[in-house]
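*Asks:* Offset between the sequence shown (1-based) and the numbering used here: plus 433.
Idealized CB from N, CA, C, for every residue including glycine.
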Amino acid sequence: MSTCVVENHQVLLSLVRRIHADALAADEQQPAFNWMGETLLRNFMDLRLANPVWNRVVLILSDSENTLEVLRDEADPCQIAFVVGFTHDVDRLVDFMCAEVAQLEAALDAAYAPGKTAQRQHKRRIQAAPKRLY
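The following block contains the structure:
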């Protein structure tokens, strides 16, 4: 993906871990990226894009229309990738992303539950430093 496309969407890229459009033809990359950016930003509140969980999401833009797929990393269940093809049914896309991000949030909550974090810290012999109030 050319750098001029990326530079135009720094706000969007700061919210999402990564967006790939390499599978598209060079002349389709910028319009596809702009379409995805517009779709995400128009549905900012519904998708809760300010939620830090989106930093664990990778978006892969596809040239296959109406494609909505999720790729999960077996080694790290707290990372996902959405394969998204151009669609006119934006409501379906938003509902799909909301449901998958909710599942990712649940996985993160389970992985970083307070008891498990304390167990990991104990196993690694990490001690919490006392907070200084001054």
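1) How would you call C437, buried or exposed, if buried means at least 16 neighbouring beta carbons within 10 angstroms?
2) Does DSSP classify R475 as helix, strand or coil?
3) Going by C-alpha to C-alpha distance, which of R481, A459, R489 sits closest to D509?
4) Excluding five sequence neighbours on each side, which residues of the same chain lie with their C-beta closer than 6 Å to the C-beta of A540?
5) Ordered along the chain, which non-local residues of its own chain (more than five positions away) have a Cβ less than 6 Å from that of P547?
6) Starting from E538, trace the alpha helix (DSSP H) both ways and give me its first and last residue.
7) Whole-angstrom Cβ separation of L501 and V517, contact assumed at under 8 Å?
8) Leaving aside the five residues before and after L504 along the sequence, list all residues of the same chain whose C-beta is less than 6 Å from its C-beta, in chain order.
9) For A544, count neighbouring Cβ atoms within 10 angstroms of its own Cβ and tell me buried if that reaches 16, exposed if not.
*Replies:* Looking at the atomic coordinates:
1) Because the pLDDT of C437 is 46, which lies under 50, any placement of that residue in the model is unreliable, and the number read from its coordinates should be weighed accordingly. Exposed is the call here.
2) helix
3) Cα-wise, what sits closest to D509 is R489.
4) P510, C511
5) Leaving aside the five residues that flank P547 on each side, none in its chain has a CB nearer than 6 Å to its CB.
6) 523-544
7) Confirmed, about 6 Å.
8) A514
9) exposed
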